[in-house]
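Take a look at the structure set out below.
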Amino acid sequence: YKGIPLAAGVAAALARRAPHLPISYAYNRKEAKDHGEGGDLVGAPLIGKRVLLVDDVISAGTAIRESAKILTRAQATLVAACVALD
């Protein structure tokens, strides 16, 4: 999961720049879990949240479309997507 440090780093940078905003992060599991907490996501609850989607690769946009569906099921609002470049 190379995206986890990327999400954590972006969240930390945003929190430093906007300390008055409640910044958190979550990421999707490779496979949905049907025991314990279960679900597709790990991390902060997303119900009613506005979400910035951060990805490390983009080609056809498939991952972003799939993530948008997961966010909709989680009752979150996708407001922007960005791709981290090195």
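With the working numbering applied, the sequence shown corresponds to residues -15 to 70, in that order. All C-beta atoms in this analysis are idealised placements derived from N, C-alpha and C, irrespective of residue type, glycine included.
Worksheet entry | Leu37 and Ile48 closer than 8 Å at C-beta | Looking up residue 37 in the sequence shown gives position 53. Looking up residue 48 in the sequence shown gives position 64. Taking 8 Å as the Cβ cut-off, Leu37 and Ile48 qualify as a contacting pair.
Worksheet item: Do you know offhand how far Val63's Cα is from Ala10's?
Response: Residue 63 sits at position 79 when you count from the first residue of the sequence shown. Residue 10 sits at position 26 when you count from the first residue of the sequence shown. Cα to Cα, Val63 sits roughly 15 Å from Ala10.
Discussion item. Please report the straight-line C-alpha distance between Ala60 and Glu50, rounded to a whole angstrom.
Written reply: The sequence position of residue 60 within the sequence shown is 76, counting from 1. The sequence position of residue 50 within the sequence shown is 66, counting from 1. Roughly 14 Å separates the two Cα atoms.
Worksheet entry | Where Gly30 falls: helix, strand or coil (DSSP) | Indexing the sequence shown from 1 puts residue 30 at position 46. Per the sequence shown, residue 30 should be read as Leu rather than Gly. Leu30: coil per DSSP, three-state reduction.
Discussion item. Spatial neighbours of Val41 within its chain, please: C-beta separation below 8 Å, excluding the five flanking residues on both sides.
Written reply: Locating residue 41 in the sequence shown gives position 57, counting from the first residue. Around Val41: Ala47 and Val67.
Worksheet entry | Inter-residue CB distance, Leu25 and Ala58 (contact presumed, cutoff 8 Å) | Indexing the sequence shown from 1 puts residue 25 at position 41. Indexing the sequence shown from 1 puts residue 58 at position 74. The pair is a contact, with the Cβ atoms about 6 Å apart (cut-off 8 Å).
Fill in: Residues sharing a beta bridge with Val(-6), DSSP
In the sequence shown, the residue the question calls residue -6 occupies position 10. Paired residue(s): none; Val(-6) is not in a bridge.
Discussion item. Is the separation between the beta-carbon of Ser8 and that of Ala(-5) shorter than 8 Å?
Written reply: Your numbering for residue 8 matches position 24 in the sequence shown. Your numbering for residue -5 matches position 11 in the sequence shown. Cβ distance < 8 Å, so Ser8 and Ala(-5) count as in contact.
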